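The numbering used here numbers the first residue of the sequence shown as 799 and each following residue consecutively. Quick reminder that beta carbons are idealized off the backbone N, C-alpha and C, glycines included. Here the structure is a predicted model, which is why all the values come from computation and not from measurement. Just below is one structure, and these are the notes that go with it.
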Amino acid sequence: MKVGNILVFLISALILFLINGGINGIHESYNQGLLQVSQETPKFTIVENYNGAYLAVNNTLAVPIKVALYGHQVKISPDESATIPINNSVFKTHEIRITLTIENLSILFIERV
């Protein structure tokens, strides 16, 4: 009797799994989550021209952020962009230290170049 109940449970679980999209549904849900997270993070790009190197920041969040880089700090409103000059010390240390502040949370990113 127990084996029969377990078998009915497993078959029911398998049917529900397949009805809800199975592996493909899980994959789609995962991709949708990645897309949502990538849309909710600020975008950082290093831009170089004849005047020097700059860090371009695009705030895709719904709240203002502050970005600090080598003593330069900018406040960026939602859906706005800003550029910050990159100091020549990058060429000595081979790293870029970016401090991102979102509301009361500060995060330090260290990018090796």
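- I882: member of the beta strand (DSSP E) spanning S879 to P883, first to last residue.
- Using a Cβ-Cβ distance cut-off of 8 Å, the segment 850–868 and the segment 893–900 are in contact, since at least three pairs of beta carbons, one from each stretch, lie closer than that value.
- Excluding its 5 nearest sequence neighbours in each direction, P883 has C-beta neighbours in its own chain below 7 Å: G850, Y852 and H870, listed in chain order.
- Going by beta carbons, S875 and N857 fall inside the 9 Å limit.
- The alpha-carbon separation between L867 and I809 amounts to approximately 57 Å.
- Around the beta carbon of I894, 16 or more other beta carbons lie within 10 angstroms, which makes this residue buried.
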